[in-house]
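K.L.:
First residue of the sequence shown? That's 1410 in this note's numbering, and the numbers climb one at a time after it.
I have a structure here, written as structure tokens, and I will follow up with some questions on it.
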Amino acid sequence: MNCPNYELHLQRLLDGDDASATLEMAAHLADCADCRERQAAALLLLHGLQRFPRPAPPPPGLNKRILAAVLAERQERLTGRRRYALLLRPPLSCWLPSWVLTG
């Protein structure tokens, strides 16, 4: 066991995954003051977070409303780009032939 592996273990613990300690981890903690300090901080964080109430579940259909709004905004941006491209097309179409002819 090394420090990066133990940090992964702590991350799984903070993520709420099953992060059961092993004898190898206990031996590493006995030897590594940095990891003991990180573990103490992680446990303090977990205990502090448990004091807060769990957030309420989102209202039904929230994800669909958000997705619809994002897609509508994207479509509006694309439509605006098309308008801009159409505005530029006539000047370019006039400029290019004159540039070729005067070459």
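Glycine included, C-beta positions come from ideal geometry on N, C-alpha and C.
Quick one, which of Ala1465, Leu1417, Glu1485 and Pro1467 has its alpha-carbon nearest Arg1447's?
P.N.:
Reading the sequence shown from its first residue, position 38 is the one you call residue 1447. The option with the nearest alpha carbon to Arg1447 is Leu1417.
K.L.:
By Cβ distance below 7 angstroms, which residues in the same chain neighbour Cys1444 in space, the five residues on each side in sequence not counted?
P.N.:
Here residue 1444 refers to the residue found at position 35 when the sequence shown is read from its first residue. Cβ within range, chain order: Cys1412, Tyr1415, His1437 and Leu1438.
K.L.:
Between the C-alpha atoms of Gly1457 and Arg1421, what's the straight-line distance to the nearest angstrom?
P.N.:
Counting from 1 along the sequence shown, the entry for residue 1457 is found at position 48. Counting from 1 along the sequence shown, the entry for residue 1421 is found at position 12. Approximately 17 angstroms between the Cα atoms of the pair.
K.L.:
Comparing C-alpha positions only, which one of Asp1424, Lys1473, Met1434 and Ala1450 sits nearest to Met1410?
P.N.:
As a position in the sequence shown, residue 1410 is number 1, starting the count at 1. Answer by Cα proximity: Met1434.
K.L.:
Can you tell me where the alpha helix (DSSP H) with Cys1531 in it begins and where it stops?
P.N.:
Residue numbering for the chain in the displayed model covers 1410 to 1512; residue 1531 lies beyond these limits and cannot be assessed.
K.L.:
So for Asp1424, helix, strand or coil by DSSP?
P.N.:
Along the sequence shown, read from residue 1 onward, the residue named residue 1424 stands at position 15. Three-state result, Asp1424: helix.
K.L.:
If you check the beta carbons only, do Leu1419 and Ala1451 fall under 7 angstroms apart?
P.N.:
The residue you call residue 1419 lines up with position 10 of the sequence shown. The residue you call residue 1451 lines up with position 42 of the sequence shown. Contact: yes.
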